[in-house]
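To start, the structure itself, in structure tokens.
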Amino acid sequence: MNTYRRIKDKSMTSEISIKKRMRNILFITFLVFTILIGRIGFIQIIQGGELTSMAYEQQTLDRVINPKRGTIYDSTGKYILAISSTVETVTVNPGNIAKEQKELVAKKLSELFELDYEKVLKKVTKRSSMETIAKKIEKEKADELRKWMEENKITTGINIDEDTKRYYPNNSLAAQIIGFCGSDNQGLDGIEAKYEKELAGTKGAIKRHTDAKGAEIGEEGEKYISAVDGNDLVLSIDYNIQSIVEKYLKEACIDNECTDGGNIVAMNPKSGDILAMATYPTYNLNEPYSAYTDELQGIWPNLEQGEKTKQLQAVWRNRAIADTYEPGSTFKTITASASIEEGLVTDIDKQGQFCCTGGIEVAGVRIKCWRYYRPHGSESLRQGLMNSCNPVFIGLGQKLGVHTYYSYLQKFGLLEKTGIDLPGEGGSIFLKEEKAGPVELATISFGQRFEITPIQLVTAVSSIANGGNLVQPRVVKQIVDSRTGEKKDIDVKVKSQSISKETSEKVLSMMESVVSEGTGKNAKVAGYRIGGKTGTSEDGVNTNKYVTSFLGVAPIEDPQVVILVTLYNPIGKGGHQGGAWVILTTHNKTI
């Protein structure tokens with residue numbers, strides 16, 4: 002009996018244990034099932050849209066359709082400065098190329114485009130949707146590939162898509178203004194970079210569904226999304242004037258042995274239109290990474306990459322807007338304008354108003370006139386400008402005082418960038434007003450011991466030429482919509498009033514005398530009234546070098562152009578003659 006009871010109790014205990022284990026298993030199964038259901042629900046409900054989108058992206062192959070980049074024209078619209086020509090880009094879809102044809106395809110592509118066979122084969126056999134083989138190939142090469150594909154009955158796996166390549170018909174003309182594009186058609190410098198959004202357009206695409214190996218799936222076929230071409234630009238640059246300016250700037254730099262080159266800016270003072278802007282030496286826009294002089298070509302292969310980059314960046318830089326220099330005596334036009342506007346001089350022809358003794362003492366420092374060895378003696382303001390007499394303008398600076406003088410620097414836009422629509426514009430370098438003492442004011446008044454950019458000086462003097470309006474310079478004057486043909490004119494922007502019309506007329510009259518009777522005689526053009534001012538200064542970086550410049554305004558009775566020629570370290574016949582000669586020749590060719 003006891004034995005039976007023990008067996009029965011043991012059996013019941015075992016049964017309870019089994020039931021307990023079953024309950025635990027069921028609980029765990031239920032818990033796991035609940036977690037799985039929750040996870041599935043989370044994936045479907047919460048992450049469903051995102052995962053669907055990811056799957057679609059992985060299964061969708063996009064072949065980009067590049068838009069045609071906008072064309073750049075000169076101011077007349079007759080001359081093309083930059084245009085995009087049609088080329089082709091070759092890509093492959095490895096999954097759509099039959100296994101037995103992969104080596105054949107790789108061999109042909111590597112031979113046709115002069116590529117490494119092993120690298121091409123790696124792309125052709127790669128487990129990816131698409132691989133690029135060759136970009137921007139000419140139509141002849143693309144047609145040869147099409148013919149080969151037809152002969153070998155290859156209908157899928159190799160794509161030949163239309164692309165564009167930037168081309169500059171005039172090679173180096175206006176190089177620092179226009180800039181250039183990279184291999185992806187994106188603007189890297191100049192107008193090409195500044196107006197990237199206008200010129201670039203919007204990319205299109207050819208979409209189709211593929212599996213993991215890149216083979217097509219489904220029956221949707223290809224979806225074509227058209228590209229939108231970029232807008233065209235019409236510049237203020239006049240092709241003929243630009244060509245003339247570049248030709249004679251180059252001759253002036255060579256004849257005067259300008260070791261550091263030169264630049265020239267020609268601006269319409271009324272609209273702010275840059276009619277021409279040139280830097281020498283320059284480079285070929287179609288080969289921006291190549292050596293740009295005969296001397297460099299000889300040593301180019303042996304140069305380190307860092308030195309090559311330094312040389313290229315130097316020639317790409319638009320020195321007329323990026324580099325600062327001491328303007329020298331050309332700046333006396335600013336001091337004269339401020340003095341007349343403030344009423345310090347009412348009669349510009351009053352004899353004996355000034356007296357040059359060869360120099361002037363300022364705060365214990367004697368500052369010489371350039372003709373200290375034979376002083377100018379008694380002078381009117383007109384004669385002071387004609388003679389480029391330093392003491393005359395030092396005296397005017399003293400009478401104006403630091404605060405008033407700096408207020409005119411502001412009015413002439415010389416304490417800020419001009420806002421020209423080009424990348425890389427530099428700013429002026431002046432002492433802060435509170436740190437400018439009598440000696441500093443004296444040197445500023447005749448154009449030394451501070452630095453401005455050529456475009457800043459041209460803009461300031463343009464306000465003298467146009468009656469007192471400080472106009473913002475511009476290079477693009479019109480944008481043409483590629484879809485509608487609608488033309489959008491860029492408005493002329495008058496920033497402020499610098500001086501009165503009466504002051505403007507007096508200063509222009511004095512500038513005419515500089516050319517007809519004074520230091521700027523080399524810029525005279527028979528039968529044509531020209532105003533001007535010469536300037537010479539030390540190089541702010543290395544004082545054993547100097548900069549010579551000539552500023553011209555024409556015609557003086559109704560100014561249409563302000564021109565500044567700047568020559569860096571001329572060691573030939575030098576002086577002002579080089580710059581004045583360029584002004585003279587340019588005017589003779591463009592009148």
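Residue numbers for the sequence shown follow the numbering used here, so the first one is 2 and each next one is one higher. Just so you know, even glycine gets a beta-carbon here, dropped at the ideal spot from N, CA and C.
**OP:** Starting from the N-terminal side, write out each stretch of the alpha helix (DSSP H) that is 4 residues or longer and does not extend beyond the region 324 to 383.
**Re:** Correct list: 333 to 342.
Subject >> DSSP beta-bridge partners of residue 73 >> reply: DSSP output for residue 73 lists 83 and 234 as bridge partner(s).
Original post:
Among the residues of its own chain, which have a CB less than 7 Å from the CB of residue 448, if the five just before and after it don't count?
Top reply: Residues of the same chain with a CB within less than 7 Å of the CB of residue 448, apart from the 5 flanking positions on each side, are 327, 328, 329, 330, 331, 332, 333, 536 and 538 in chain order.
Original post:
If you drop the 5 nearest sequence neighbours on each side, which residues of the same chain put their C-beta closer than 8 Å to that of residue 77?
Top reply: Excluding positions up to five away in sequence, the list reads 239 and 240.
Subject >> the region 448 to 466 contacting the region 266 to 282, beta-carbon criterion three pairs below 8 Å >> reply: Taking a contact to require three or more Cβ pairs closer than 8 Å, the region 448 to 466 and the region 266 to 282 qualify as touching.
Original post:
So which of 159, 432 and 85 has the shortest CA-CA distance to residue 73?
Top reply: Across the set 159, 432 and 85, the C-alpha of 85 shows the shortest separation from the C-alpha of residue 73.
Subject >> Counted within 10 angstroms of its Cβ, other Cβ atoms place residue 422 as buried (16 or more) or exposed >> reply: When all chains shown are included, residue 422 counts as buried.
**OP:** Could you check the C-alpha separation between residue 501 and residue 370 for me, to the nearest Å?
**Re:** C-alpha separation (whole angstroms): 30 Å.
Original post:
Are the Cβ atoms of residue 194 and residue 424 separated by less than 8 Å?
Top reply: Yes; because the gap between Cβ atoms is below 8 Å, this pair is in contact.
Original post:
So, helix, strand or coil for residue 510, using DSSP?
Top reply: The three-state secondary structure of residue 510, taken from DSSP, is helix.
Original post:
Do residue 388 and residue 178 have their CB atoms nearer than 8 Å?
Top reply: For residue 388 and residue 178, no; Cβs fall outside 8 Å.
Original post:
Helix, strand or coil for residue 264 per DSSP?
Top reply: In the structure shown, the three-state DSSP call for residue 264 is strand.
Original post:
What residue ranges within the region 452 to 515 form continuous alpha helix (DSSP H) runs of no fewer than 4 residues, ordered along the chain?
Top reply: Taken in chain order, the complete alpha helix (DSSP H) segments of 4 or more residues contained in the region 452 to 515 are 455 to 466.
Original post:
Between residue 355 and residue 396, is the Cβ-Cβ spacing less than 8 Å?
Top reply: The Cβ atoms of residue 355 and residue 396 lie closer than 8 Å to each other.
**OP:** Mind checking which residues open and close the alpha helix (DSSP H) that includes residue 184?
**Re:** That residue, residue 184, is in no alpha helix (DSSP H); it is neither H nor E in DSSP.
Original post:
Is residue 549 buried or exposed, if buried means 16 or more other CB atoms sit within 10 Å of its CB?
Top reply: With 16 or more other CB atoms across the displayed protein chains lying within 10 angstroms of its CB, residue 549 is buried.
**OP:** Please determine if the region 465 to 485 and the region 241 to 261 are in contact, where contact requires at least 3 C-beta pairs separated by less than 8 Å.
**Re:** Contact annotation: the region 465 to 485 does not touch the region 241 to 261, with fewer than three C-beta pairs closer than 8 Å.
Original post:
How many angstroms separate the CA atom of residue 532 from the CA atom of residue 566?
Top reply: Take the alpha-carbon of residue 532 and the one of residue 566: they are about 14 Å apart.
**OP:** Work out the CA separation of residue 243 and residue 55 for me, nearest whole Å.
**Re:** Legend: pLDDT at residue 55 = 49, less than 50; position of this residue unreliable, value from coordinates given subsequently. Looking at the backbone, the Cα of residue 55 and that of residue 243 are separated by about 54 Å.
Original post:
Beta carbon of residue 479, beta carbon of residue 490: below 8 Å?
Top reply: Yes, they are a contact pair.
Original post:
Which partner residues of residue 550 appear in the DSSP bridge assignment?
Top reply: 536 and 567, per the DSSP bridge assignment.
**OP:** Could you pull the start and end residues of the beta strand (DSSP E) that residue 167 belongs to?
**Re:** Counting along the chain, the beta strand (DSSP E) containing residue 167 begins and ends at 159 to 168.
Original post:
Contact between the region 87 to 95 and the region 154 to 163: three or more CB pairs below 8 Å?
Top reply: Yes: at least three Cβ pairs fall under 8 Å.
Original post:
To which residues of the same chain is residue 474 closer than 7 Å at the C-beta, ignoring the five residues directly before and after it?
Top reply: Closer than 7 Å at Cβ, skipping near neighbours: 268, 273, 275, 419, 421, 456 and 460.
**OP:** Please classify residue 190: does DSSP put it in a helix, a strand, or coil?
**Re:** The three-state reading of DSSP puts residue 190 in coil, since its state is none of H, G, I, E or B.
**OP:** Measure how close the beta-carbons of residue 69 and residue 202 come, nearest whole angstrom, since I'm counting them as under 8 Å.
**Re:** Between residue 69 and residue 202 a beta carbon distance of about 7 Å is seen, short of the 8 Å cut, so the two are scored as contacting.
Subject >> Closest residue to residue 509 among 128, 300 and 464 (Cα-Cα distance) >> reply: Of the listed residues, the one whose Cα sits closest to residue 509 is 464.
Original post:
According to DSSP, is residue 445 helix, strand or coil?
Top reply: Helix, per DSSP.
Original post:
Which residues bound the alpha helix (DSSP H) around residue 1?
Top reply: The chain is shown from 2 up to 592; residue 1 falls before or after that span and cannot be answered.
**OP:** Could you check the C-alpha separation between residue 382 and residue 453 for me, to the nearest Å?
**Re:** Straight-line Cα distance between these residues: approximately 25 Å.
Original post:
Rounded to whole angstroms, how far is the Cβ of residue 413 from the Cβ of residue 322, which I believe are closer than 8 Å?
Top reply: Contact doesn't hold; Cβ gap of about 17 Å is too wide.
Subject >> Pairwise C-alpha distance: residue 286 and residue 352 >> reply: Their backbone Cα atoms lie some 55 Å apart in a straight line.
Original post:
DSSP puts residue 89 in a beta bridge; with which residues?
Top reply: Looking at the DSSP output, residue 89 bridges to 138 and 163.
**OP:** Buried or exposed for residue 147, please, with buried defined as at least 16 other CB atoms from any protein chain shown within 10 angstroms of its CB.
**Re:** Result: exposed.
Subject >> Buried or exposed (CB count within 10 angstroms, at least 16 for buried), residue 385 >> reply: By the 10 Å Cβ count, residue 385 comes out buried.
Original post:
What is the residue span of the beta strand (DSSP E) that residue 249 lies within?
Top reply: No beta strand (DSSP E) holds residue 249; the alpha helix (DSSP H) holding it covers 240 to 256.
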